[in-house]
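Input: a single structure, listed below in structure tokens.
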């Protein structure tokens, strides 16, 4: 699997193969130091049989990984588009582990794509920004994200100050 250029973790660096290997190893490998962080529950990954299907995820080069499967699986690429397959920054995870705060990887995540997390309150709200994407600002896109759009919009505006 290869990916396009300009896939970067906001705001620090480009996505690389180490991130993908780490993200799948965390779910599959019970000896991974992140496997049990935040409860260690990987219901979709396990429920879809991926621990038995994925034999190994190997780094080929910085922009290529190889998924070694135990059998052919037609929907595998579609499975990778599901939210449980989100890619985490290995660099960020390593730094949080060294700092003794591994839970920050789940509570204060960074990701790839056009969005940047500005604020997060567990089980309550999140605030995103779309810096430079189609001219949108966070308040332009916030109203449909929560059941209380007025309160959410105020949180977004406060986070941007």
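In full-length UniProt numbering, the protein residues as written are 1 to 161.
Ideal Cβ placement from N, Cα and C applies to all residues, glycine included.
Closest by C-alpha distance to residue i, when choosing among the options
i, options, result
"residue 26", "112, 102, 108", "102"
"residue 78", "91, 50, 30, 35", "50"
"residue 96", "80, 70, 24, 34", "34"
"residue 84", "72, 23, 14, 1", "23"
"residue 2", "75, 91, 64, 55", "64"
"residue 13", "38, 100, 92", "92"
C-beta contact flag for residue i and residue j at 8 Å
i, j, result
"residue 21", "residue 57", "yes"
"residue 86", "residue 111", "yes"
Beta-carbon separation (whole angstroms), residue i vs residue j, contact threshold 8 Å
i, j, result
"residue 19", "residue 88", "7 Å"
"residue 16", "residue 62", "5 Å"
"residue 42", "residue 82", "The pair is not a contact, with the Cβ atoms about 12 Å apart (cut-off 8 Å)."
Residue interval of the beta strand (DSSP E) (run including residue i)
i, result
"residue 61", "54-61"
"residue 69", "64-69"
Unbroken alpha helix (DSSP H) run spanning residue i, endpoints
i, result
"residue 105", "104-107"
"residue 21", "17-28"
"residue 45", "43-47"
"residue 76", "76-79"
"residue 91", "90-98"
Within-8 Å CB hit, residue i to chain B
i, result
"residue 79", "This model lacks chain B altogether; it includes just one protein chain."
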